[in-house]
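Participant: What follows is a single structure, and I will ask about it in a moment.
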Amino acid sequence: MTLCVGAMGLLAACGSVDEDKEPVGSSGAGGSDGLDARQACMNYCNAVNANGCENAESDCEDFCDEAMEEAGASCEDKAAVLFTCALPYASTCPRDVPPSCEEQVAALSTCMETHGCADGELCSGGGAAGGEMTCSCEATCLGKRHEMRCETPAGGTTTCVCLVDSVEVGTCEEPLPDLCGVKKGCCQEFFNLP
1044 MTLCVGAMGL LAACGSVDED KEPVGSSGAG GSDGLDARQA CMNYCNAVNA
1094 NGCENAESDC EDFCDEAMEE AGASCEDKAA VLFTCALPYA STCPRDVPPS
1144 CEEQVAALST CMETHGCADG ELCSGGGAAG GEMTCSCEAT CLGKRHEMRC
1194 ETPAGGTTTC VCLVDSVEVG TCEEPLPDLC GVKKGCCQEF FNLP
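Numbers in this note's numbering are just positions in the sequence shown, counted from 1, shifted up by 1043.
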C-alpha cells in the first residue's frame, strides 16, 4: 500500500478496482461499530497483507501512524468508518477505493479540508555547493493555502517566510534547516494548525 495524498490515500488508493471481484464478508457500507480509527486501520492493513496483495504495507504500525496523522484527530472517526467500509474488500486486493465506500471518502475529505491539511504537503529544496540551503513547503489546511519558504546562508541561521493564501503572515528563524513543514516548522506559530 502506498500512502497517497488525501482521504483516498488512507486506503492507499493508487489505481483501479477489479470490478469483477466481489468482496469476502459483509457489505462494505456501514459504521465503524465503535472501533477506533487506528484499530480499523490496523485491521484493514493486516487483512491486505494476509491476502498477499502486491500493494501490501511492510509495517502496518508505521502505515497506520501516518494515516492517523494525515487524517488528524478531528477526522479519526471518519477514517474509522472508511477503513471499516473497505475491510471486506481486502481479499480482492483493491488498488482504489471500493465504489461502495466513495461516500465515506467524500466525508473524510470534507472533514480533512475543514479541520486539517488535505491532499498532503508538498515540499522541495536542498543544499547548494556553497553550503546554502533552501526549503519550501505548502499545503491546503483549514480551507486555506499555507506556505513556508526558508533560506539558510552558508553557516547562517535559517530564516522562513510564512504565507496564508499568498499573504505574508510572519517571518521566523529555524534553529535547524531540516524542520521545513507547515505543521512542524517555525511558521506553525503563525499558522496554528491542528
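Beta carbons: idealized from backbone N, C-alpha and C, even for Gly.
Computed from a predicted structure; not experimentally measured.
Taking the alpha carbon of Tyr1087 as the reference point, which residue from Lys1121, Ala1116, Cys1128, Asp1120 has its own alpha carbon closest?
Facilitator: On the sequence shown, residue 1087 is found 44 positions in, with the first residue counted as 1. It is Cys1128.
Participant: Taking the alpha-carbon positions, what's the Phe1234 to Gly1224 distance?
Facilitator: As a first step, residue 1234 must be located in the sequence shown, where it is residue number 191. As a first step, residue 1224 must be located in the sequence shown, where it is residue number 181. Using only the alpha carbons, I get a separation of about 11 Å.
Participant: Measure the CB-CB distance between Cys1084 and Cys1107 and report whether it falls below 8 Å.
Facilitator: Numbered from its first residue, the sequence shown carries residue 1084 at position 41. Numbered from its first residue, the sequence shown carries residue 1107 at position 64. Cβ atoms of Cys1084 and Cys1107: closer than 8 Å.
Participant: Do the segment 1099 to 1118 and the segment 1149 to 1157 meet, that is, are 3 or more Cβ pairs less than 8 Å apart?
Facilitator: Segments in contact, yes.
Participant: Leaving aside the five residues before and after Asn1092 along the sequence, list all residues of the same chain whose C-beta is less than 8 Å from its C-beta, in chain order.
Facilitator: Here residue 1092 corresponds to residue number 49 of the sequence shown, with the count starting at 1. Only Ala1099, Glu1100, Cys1103 meet the Cβ criterion.
Participant: I'd like the ranges of any alpha helix (DSSP H) spanning at least 4 consecutive residues and lying wholly in the segment 1124 to 1153.
Facilitator: For the segment 1124 to 1153, not a single whole alpha helix (DSSP H) run of length 4 or above is found.
Participant: Using beta-carbon positions only, say whether Cys1229 and Glu1217 come within less than 8 Å of one another.
Facilitator: For the purposes of this step, residue 1229 is taken as residue 186 along the sequence shown, with counting starting at 1. For the purposes of this step, residue 1217 is taken as residue 174 along the sequence shown, with counting starting at 1. Yes; because the gap between Cβ atoms is below 8 Å, this pair is in contact.
Participant: In terms of residues, what are the limits of the alpha helix (DSSP H) holding Val1091?
Facilitator: In the sequence shown, residue 1091 corresponds to position 48, counting from 1. Counting along the chain, the alpha helix (DSSP H) containing Val1091 begins and ends at 1080 to 1093.
Participant: Could you spell out where the alpha helix (DSSP H) holding Glu1100 opens and where it closes?
Facilitator: The sequence position of residue 1100 within the sequence shown is 57, counting from 1. Where Glu1100 is concerned, there is no enclosing alpha helix (DSSP H), given that its DSSP letter is neither H nor E.
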